[in-house]
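Residue numbers (our numbering): 7 to 179.
The structure appears right after this line, and notes come after that.
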Amino acid sequence: MLESQHDHSTSTTSGRIVAISTSTRRGIPKSNREEVRLIENWGLEGDIHAGDWHRQVSLLAMESVQKMRDKGVPVRPGAFAENITTEFIDIPNLTIGARVSIGESELEITQIGKECHQKCAIYYRAGDCVMPREGIFAIVKRGGVIRVGDNVVVHTIPSESNHVQVAIDAVNS
């Protein structure tokens, strides 16, 4: 007889919001805002990328922005068209399905990285851009107002491969 013991615990990581950015047009750096409303199953209120799809919200770590600054590129949060810039969270290594809580709001990670079809101005200036490798995307599972400085908590659920399988010999029991 085979019995499955599942560890339903989640691991958590926390950080904070450094910047929130939106724009009304594609392909331009976003404007920084102090607060914005996340709309369930839609995205950030007033942002061009909001909609009924899997990339409602984009996130990038401040540490990724700093990598480009270290290459001599004078960029600010929002320059990569990300909606939420965080710090103290290893954004590029989150997993699809991870939940991100910000105040009363909750996001679910749906995509890691993206293909960059057109090279942006940052790429032409520096020969590199971190967003395609280190940016992530999410859908809004629960809406609410988020603000710069808010705590961000990531809940990672163990994958099926992490479940412990225990074999029980029915004959010897």
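Beta carbons are placed, not taken as given, at the ideal position from N, Cα and C, and that holds for glycine.
- Secondary structure remark: continuous beta strand (DSSP E) runs of at least 3 residues inside the stretch 73–98, in chain order: 90–93.
- In the assembly as shown, T101 is an exposed residue. Its beta-carbon has fewer than 16 other beta-carbons within 10 Å.
- Sorting A104, G21, K36 and G150 by C-alpha distance to the C-alpha of P83 places K36 at the top.
- Taking 7 Å as the cut-off, the beta carbon of S29 is found closer than this to the beta carbon of I54.
- At the C-beta level, E140 and P98 come within 7 Å of one another.
- Across the structure, G52 and S27 are spaced so that their CA atoms are roughly 10 Å apart.
- With a threshold of 16 other beta carbon atoms within 10 Å, S70 meets it and is buried.
- In the three-state DSSP reduction, E112 falls in the strand class (E or B).
- Straight-line measurement puts the Cα of V146 at about 16 Å from the Cα of E41.
- Per DSSP, the continuous beta strand (DSSP E) segment holding T19 begins and ends at S17 to T28.
- The residue from L113, I142, I152 and G57 with its alpha-carbon nearest to that of L66 is I142.
- Here G33 is exposed. Its C-beta has fewer than 16 other C-beta atoms within 10 Å.
- R148 and E112 do touch by the CB rule: their CB atoms are close to 4 Å apart, below 8 Å.
- If you ignore the 5 residues before and after I45, its C-beta comes within less than 8 Å of the C-beta of E51, A56, V146 and G149, all in its own chain and listed in chain order.
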